[in-house]
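Using my numbering, the final residue of the sequence shown is 139, and nothing's skipped along the way.
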Amino acid sequence: HFWLFTSFRKTFGRVYNRPLVLLLKLAVVLCFCFVQSSSMEEPMVLASLLVIFVYSICTFLKVVYRCKSSWVLQQLFFWNLFAYAFVTYLKVTTDEVNALLVPSTLTQILIVIHGFIGAFIGVTILYCAIITALR
5 HFWLFTSFRK
15 TFGRVYNRPL
25 VLLLKLAVVL
35 CFCFVQSSSM
45 EEPMVLASLL
55 VIFVYSICTF
65 LKVVYRCKSS
75 WVLQQLFFWN
85 LFAYAFVTYL
95 KVTTDEVNAL
105 LVPSTLTQIL
115 IVIHGFIGAF
125 IGVTILYCAI
135 ITALR
């Protein structure tokens, strides 16, 4: 979590980003814990998906970090979390056999998402290292 060590912009409300992120993570964990113990799978997975989506949109529109690279990494991690939650929502809500959601295809989809995120993180860190070295 590289963005934990960067400074925030000095405007009202932005310094409360870390507590909001922790509350978001708590809400997502509670949603998935509730899914495990009840028959309300679809509404709870949808609720966690919407929480992640709304937070991602809010932080996309209102940049909370001073460094652009920290903002990019934060956006990347949350859109990655949204992609995983969306795949989970598709898997939970579909009762019929779907060619997209069979385990072999689903594994390939998750590998592609993971590979893209890993490559983008590597490029971002490399870019930051090069910019820092050139200063």
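All C-beta atoms in this analysis are idealised placements derived from N, C-alpha and C, irrespective of residue type, glycine included.
Distance check for Val127 and Gln78, CA to CA, integer angstroms please. Computed Cα separation, rounded: 14 Å.
Look at Ala140 and Val68 and say whether their C-beta atoms are less than 9 Å apart. Shown here, the chain extends from 5 to 139; a query on residue 140 therefore has no answer.
Would you check if the distance between the CB atom of Ala103 and the CB atom of Thr111 is smaller than 9 Å? no
Can you tell which of Leu130, Val49, Val58 has the C-alpha that lies nearest to the C-alpha of Tyr93? Val49
Taking Phe86 as the reference, give the member of Thr98, Ser60, Leu24, Val33 with the closest Cα. Ser60
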